Amino acid sequence: MLSRLFPRRKATPKPLPQPNAQLALGALLVRVALADRNYRASEIGQIDRILAQTFGLKPIEAAKLRATCEALERDAPGTPEFTRILREEVNYDDRKALGEAMWQVALSDGARNDDEEIQLVAIETALGLSDEDMANARAKALNSL
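Going by the UniProt record's numbering, the sequence shown opens with residue 1, and the numbers climb by one from there.
Below you can see the structure in the form of structure tokens.
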């Protein structure tokens with residue numbers, strides 16, 4: 001009876017921000033971590049560290065940015081839009097560093113996963129990275145295991 005008198009209203013979702021280079025980077029890092037459908041604390045921590053280092057953020061600010069990126073990754077358009085933003089706004093060397101950062105996220109749980117690697121190679125290709133730079137990023141990440 002009370003539920004008829006006081007129906008629950010669905011919360012109106014907050015509108016997502018328009019993706020920029022910062023949000024696109026974070027969303028792609030989250031997308032790589034989620035590729036194996038197992039989002040581990042080690043991957044979350046690695047994403048936070050990358051965001052903090054890349055954008056000069058404090059740990060709490062990086063965690064908030066990651067949370068926004070998680071929502072954006074979940075509800076926003078696909079990888080091509082994110083990579084287009086990064087290709088337009090970020091120089092090649094920084095995109096190459098992004099490739100290395102994505103490998104760090106993918107391998108931060110200590111395990112290799114085909115789904116993560118397939119997703120990562122697709123993102124690196126869409127970012128316009130050369131085959132040589134992609135191979136170097138992968139080798140560097142694997143050597144750090």
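We put the beta carbon where it would ideally sit given N, CA and C, even for glycine. Source: prediction; values computed, not measured.
If you ignore the 5 residues before and after residue 129, its C-beta comes within less than 7 Å of the C-beta of 95, 96, 99, all in its own chain and listed in chain order. Using a Cβ-Cβ distance cut-off of 8 Å, the stretch 114-121 and the stretch 45-60 are not in contact, since fewer than three pairs of beta carbons, one from each stretch, lie closer than that value. Residues 48, 51, 52 of the same chain have their beta carbon placed closer than 7 Å to that of residue 62, with the five preceding and five following residues left out of the count. Inside the UniProt domain "Co-chaperone DjlA N-terminal" (22-139), DSSP marks whole alpha helix (DSSP H) runs of 4 or more residues at positions 41-55, 59-75, 79-89, 92-107, 114-126, from first to last along the chain. With 16 or more other Cβ atoms from the protein chains shown falling within 10 Å of its own Cβ, residue 138 counts as buried. Between the C-alpha atoms of residue 67 and residue 26 there is a straight-line separation of about 9 Å. Put simply, the backbone Cα of residue 105 is about 7 Å away from that of residue 29. The three-state reading of DSSP puts residue 145 in coil, since its state is none of H, G, I, E or B.
Ranking 24, 110, 36 by CA distance to the CA of residue 80 puts 24 first.
Under the 10 Å beta carbon count, residue 36 is surrounded by 16 or more other beta carbons and is classified as buried.
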